[in-house]
Amino acid sequence: MNIAVIGTGYVGLVTGTCFAEMGHNVTCVDIDADKIEGLKHGVLPIYEPGLDDMVDKNFKEGRLHFTTSLAEAAQHANIFFIAVGTPPGEDGSADLKYVLAVARDLGKVMVSSYNIVVDKSTVPVGTADKVRATVQAELDKRGNDIRFDVVSNPEFLKEGAAIDDFMRPDRVVIGTDSEKAAKIMHDLYAPFMRNHEVIIAMGVREAEMTKYTANAMLATKISFMNEIAALCERLDVDVEQVRLGIGSDRRIGYHFIYPGCGYGGSCFPKDVKALLRMAQENGLDAWVLDAVERRNDRQKHRLAEKIFARFGTDLSGKTFALWGLAFKPDTDDMREAPSLVLIEQLITAGATIRAHDPVAIETATREMKQGWLDDGRVRFFEHQYDALDGADAMVLVTEWKPFRNPDFDRIKKTLTAPIIFDGRNQYDPSELKDLGFEYFGIGRGKVGG
Ligand SMILES: NC(=O)c1ccc[n+]([C@@H]2O[C@H](COP(=O)([O-])OP(=O)(O)OC[C@H]3O[C@@H](n4cnc5c(N)ncnc54)[C@H](O)[C@@H]3O)[C@@H](O)[C@H]2O)c1
0 MNIAVIGTGY VGLVTGTCFA EMGHNVTCVD IDADKIEGLK HGVLPIYEPG LDDMVDKNFK
60 EGRLHFTTSL AEAAQHANIF FIAVGTPPGE DGSADLKYVL AVARDLGKVM VSSYNIVVDK
120 STVPVGTADK VRATVQAELD KRGNDIRFDV VSNPEFLKEG AAIDDFMRPD RVVIGTDSEK
180 AAKIMHDLYA PFMRNHEVII AMGVREAEMT KYTANAMLAT KISFMNEIAA LCERLDVDVE
240 QVRLGIGSDR RIGYHFIYPG CGYGGSCFPK DVKALLRMAQ ENGLDAWVLD AVERRNDRQK
300 HRLAEKIFAR FGTDLSGKTF ALWGLAFKPD TDDMREAPSL VLIEQLITAG ATIRAHDPVA
360 IETATREMKQ GWLDDGRVRF FEHQYDALDG ADAMVLVTEW KPFRNPDFDR IKKTLTAPII
420 FDGRNQYDPS ELKDLGFEYF GIGRGKVGG
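Just so we're aligned, residue 0 is where the sequence shown starts under numbering that gives the first Met the number 0, counting upward by one.
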């Protein structure tokens, strides 16, 4: 099939590449000329494990194309995936300006007699109707008989495991009331489910709602567990033992019940906000969602609070080594990362930061205030142990694998004092105490700070 994927970011590039891998002919379109030029020369705009080889192979074999011109893509394609960003607007609602701009452009350039416009971006309930009306308005101006259906096909991939998620999906949600579109979408995804069928067909509005509900549910689990961790600290209970105790219940499960320093990324924060906004607009008090968001905002300050409690609120002359900057492991994505809140708080209190991340240093550098970099208040290191040199404490912010089982003797020798703040509960408090460390985790009772 001939597909165009519009928006070549974390979702669009993975979507386009995986469809090409399955033999489809795919054109990836982006308005960012540098991104497209880079991709044509094998330079990926994002870090995603395994993606570079797959892009390279499909590009060389002629199934994957890159362009800034939607009109050029529309010469061949009749299935258009909209995968542009839907950032939060000022009131928290999803800003649809990029999605609707693409819809307008599509109405201007589609040439095939029948087309499918697929909303893959995460969009509020009712967006498919807006996309349909926007495309149709442009087609009407052209006065031709081009037909199209709009399908909601939200994406559930996880950054860091995106290829595996796309190639072997838990489910593919397809929301449409058109039998023809449903059949084509089914055929398109068939190669991804040779083992067993995972397509869940539903209405368009239900598909739109499913995506928000899934993310809000996961965010809720995290915030709930962070609240329990806060209570554990007051009750002298180790939340990690509680986590194991509840995760073993199959109704609860082990996923997404890790206490930590808050969820970030491009999805959970904005999607919880957008769902809250949908509730407000429809006269519903969304108490649970409101609490999920408030707990998370608070949680992102937890590490700084622990550092202030240990070192005082004036951190002038103090240096902290951060391990991990990305909002989670295996990605360079820094959007809404807890590390950003922590860095801001520590610097405002007068501290200096030495930080390491396996892949996010470049994206993190773009997020820093220029003054911080110019006067050396924030310095990045390619090697995790170099970041520790002369620091007063190590702060683990992102649970990358190389941080899980580090050389504690080396950490102790390199820091000026053996102090660890563990924002992801990666280490055993008793073991670290035996090794002579002062240890502060999240919700680890009195033994863990
Ligand atoms: N990142 C994730 O893990 C993830 C997972 C599931 C769903 N989503 C959703 O998918 C959507 C895209 O997210 P993302 O993280 O890939 O975003 P992103 O910011 O990485 O990429 C968006 C891309 O769209 C391009 N773009 C904007 N306007 C355009 C236009 N008119 N024509 C062509 N390209 C245009 C931008 O230049 C950018 O490259 C969002 O709605 C997001 O909520 C994201």
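Using N, Cα and C, we set each Cβ at its ideal position, and we do this for glycine too.
Since the structure is predicted, the reported quantities are computational estimates derived from the model, not experimental observations.
Quick one: what's residue i bridged to in DSSP?
i: residue 118; result: 81, 151
i: residue 437; result: 418
i: residue 355; result: 322
i: residue 378; result: 353
i: residue 3; result: 26, 79
i: residue 165; result: Answer is none; residue 165 lacks a bridge partner.
i: residue 64; result: 26
i: residue 395; result: 322, 421
Closer than 7 Å: is that where the CB of residue i sits relative to any heavy atom of ligand 1?
i: residue 266; result: yes
i: residue 427; result: no
i: residue 11; result: yes
i: residue 31; result: yes
i: residue 8; result: yes
i: residue 133; result: no
i: residue 262; result: no
i: residue 107; result: no
i: residue 5; result: yes
i: residue 100; result: yes
i: residue 83; result: yes
i: residue 97; result: yes
i: residue 212; result: no
i: residue 120; result: yes
i: residue 398; result: no
i: residue 56; result: no
Spatial neighbours of residue i within its chain, please: C-beta separation below 6 Å, excluding the five flanking residues on both sides.
i: residue 367; result: 377
i: residue 437; result: 418
i: residue 272; result: 87, 91
i: residue 388; result: 413
i: residue 450; result: Absent from the model: residue 450. The displayed extent of the chain is 0 to 448, so no value can be given.
i: residue 251; result: 245
i: residue 400; result: none
i: residue 224; result: 256, 258
i: residue 407; result: 434
i: residue 360; result: 379
Would you grab the beta carbon distance between residue i and residue j for me? Rounded to a whole angstrom, and I think it's under 8 Å.
i: residue 162; j: residue 47; result: 7 Å
i: residue 172; j: residue 218; result: About 19 Å; that fails the 8 Å criterion.
i: residue 117; j: residue 65; result: Not really, about 19 Å apart at Cβ, beyond 8 Å.
i: residue 317; j: residue 391; result: 5 Å
i: residue 63; j: residue 16; result: 6 Å
i: residue 413; j: residue 338; result: That pair is no contact at about 20 Å.
i: residue 148; j: residue 179; result: 7 Å
i: residue 176; j: residue 203; result: 7 Å
i: residue 150; j: residue 174; result: 7 Å
i: residue 328; j: residue 159; result: 6 Å
Under 8 Å Cβ to Cβ from residue i, same chain only, skipping five residues before and after it: list those, please.
i: residue 279; result: 285
i: residue 266; result: 121, 214
i: residue 275; result: 91, 285, 288, 289, 292
i: residue 37; result: 43, 44
i: residue 55; result: 41
i: residue 260; result: 298, 299, 301, 302, 337, 341, 396, 422, 423, 441
For residue i, which residues from the same chain have a beta carbon less than 7 Å from its beta carbon, with the 5 sequence-adjacent residues on both sides left out?
i: residue 83; result: 5, 6, 97, 98, 101, 120
i: residue 249; result: none
At the 8 Å Cβ level, is residue i part of the contact set with chain C, yes or no?
i: residue 202; result: This model lacks chain C altogether, as it is built from one protein chain only.
Can residue i be considered in contact with ligand 2, in the sense that its beta carbon sits closer than 7 Å to one or more heavy atoms?
i: residue 28; result: Ligand 2 is absent from the structure shown, which contains only ligand 1.
* **Inside the segment 270–337 only - alpha helix (DSSP H) runs reaching at least 4 residues** => 286–298, 301–310
* Quick one: complete alpha helix (DSSP H) runs, 4+ long, within the segment 92–147? -> 96–108, 126–141
* To do: Return the chain-ordered ranges of every beta strand (DSSP E) run that is complete within the segment 203–228 and spans a minimum of 3 residues.
  => none
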